[in-house]
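Converting from the sequence shown to the working numbering requires adding 17 to each position, the first position being numbered 1. Glycine is no exception: its CB is placed at the ideal position from the N, C-alpha and C atoms. Note that the coordinates shown come from a computational prediction; the quantities given were computed from them, not determined experimentally. Here the structure comes first, spelled out in structure tokens, and everything after it is commentary.
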Amino acid sequence: MHRLLIARTTAVVAFALACCVFAGAKKLNVVTSTTDMAALAQEVGGDHITVEAIAKGYQDPHFVEAKPSFLLKLRQADLLITVGLQLEIGWLPPLITQSGNPRVQVGAGGYLDASQFAEILEIPTGPVTRAMGDVHPLGNPHYWLDPDNGRRVAKGIAQKLGELDPPSSAYFQQRFQDFDKRLSAAEQKWDSEMAPFRGRKIVTYHNSATNFSKHFHLDVIGFVEPRPGIPPTPSHTIELVGLMKRENCKLVLVEPYFDLKTPNSVGSSTGAKVVVYLPSVGGEKQVTNYFELFDYDIALLTKAFQSVQ
């Protein structure tokens, strides 16, 4: 009886200690450049990480105003995840340097460029000059708008988290497997919803929908911007209206951080519907994760296509 009591007591103490160790375990502090990278990190990191994005989902990720609070976030980070392909080149590099955190410097173990895992489109084959506008010499950085790239990036993040927290490696891999299954099921639904509109022609304000359009078989025929990052001009707008009339293009997609004056004028001249779509998680309050981003945009597009048939 005495031995049984000792054994039970030992087991209770061991369980209590294990609970204390888990409760006191330090979560990995993850900072991401954008909400989309944060959403994917959260999917695979679960409750073993804290994650926060610098840029908000309704902001243009090319142009983010650097704030002192960002330095504090980076100074405390165990891992920094960037979109890469020079998307953040205008604002993030100085913050990384000034943070004084050796863990998140470029090339360090706590720095992760997520573009290495994705299929990158529109990689220029010739010289890139400023006369071409804000062209990315390493390819189009809006790759997360293809669910297949979301899967690839999530897998890469899970691997990196496991390297930084080896005892939790199996947990991160299990989280990725669960995400993969849910994403595959969601893709079947999204593909089915978009199937009736394959081949439809669209115009976007900025060149942010390339990966999305490839995955869902849409045809982007032009842009409101004459060149990436260059505001619309009267001459280009006239050319765009003519192109849309010739191609019978009836949909203009606009990112939430651009002015609607020119797109509305184009829509009025061509009979096209102008739709503000979301390139990023958090562009609207109700869009809080990666799945909700596609749910929102696909519902928006299918409704718009149906209205202009």
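- The beta carbons of residue 313 and residue 77 sit no closer together than 8 Å.
- About 15 Å separates the CB atoms of residue 131 and residue 106; that is not less than 8 Å, and the two are not in contact.
- The C-alpha of residue 134 is placed about 37 Å away from the C-alpha of residue 265.
- With a cutoff of 8 Å on beta-carbon distance, residue 112 and residue 79 are scored as not near each other.
- Around the C-beta of residue 206, fewer than 16 other C-beta atoms lie within 10 Å, and the residue is accordingly described as exposed.
- Put simply, the region 230 to 239 touches the region 207 to 218. At least three CB pairs are less than 8 Å apart.
- For residue 166, there is no enclosing beta strand (DSSP E); the residue is found in the alpha helix (DSSP H) stretching over 164 to 181.
- Remark: C-beta atoms of residue 221 and residue 240 approach each other more closely than 8 Å.
- Leaving aside the five residues that flank residue 271 on each side, the residues in its chain whose CB is nearer than 8 Å to its CB run, in chain order, 221, 222, 241, 277, 280, 291, 292, 293 and 294.
- With 16 or more other Cβ atoms from the protein chains shown falling within 10 Å of its own Cβ, residue 171 counts as buried.
- Judged by DSSP in its simplified three-state form, residue 235 adopts coil rather than helix or strand.
- Of 229, 260, 255 and 224, the smallest CA-CA separation from residue 247 is found for 224.
- With distances taken between CA atoms, residue 259 lies nearest to 287 out of 84, 311 and 287.
- Short of 7 Å from the beta carbon of residue 324, and not among the five residues preceding or following it, lie these beta carbons of its own chain, in chain order: 290.
- In the DSSP assignment, residue 71 falls outside any alpha helix (DSSP H) and carries neither an H nor an E.
- For the options 89, 61 and 137, the alpha carbon positioned closest to that of residue 231 is the one of 137.
- In this chain, the beta strand (DSSP E) harbouring residue 128 covers 128 to 130.
- No residue range can be given for residue 138, since it is assigned to no alpha helix (DSSP H) and is classified by DSSP as neither H nor E.
- Taking all protein chains shown into account, residue 158 has 16 or more neighbouring C-beta atoms within 10 Å of its C-beta and is therefore buried.
- With a threshold of 16 other beta carbon atoms within 10 Å, residue 55 meets it and is buried.
- In this structure, the alpha-carbon of residue 121 lies about 25 Å from that of residue 75.
- The Cβ atoms of residue 162 and residue 127 lie no closer than 8 Å to each other.
- Here residue 49 is near residue 58, since their CB atoms are less than 8 Å apart.
- Ranked by Cα distance from residue 63, the first of 192, 184 and 253 is 192.
- In chain order, 108, 111 and 112 place their CB closer than 8 Å to the CB of residue 83, counting only its own chain and leaving out the 5 sequence neighbours on each side.
- Non-local C-beta neighbours of residue 125 in its own chain, meaning closer than 8 Å and more than five positions away in sequence, comprise 119, ordered along the chain.
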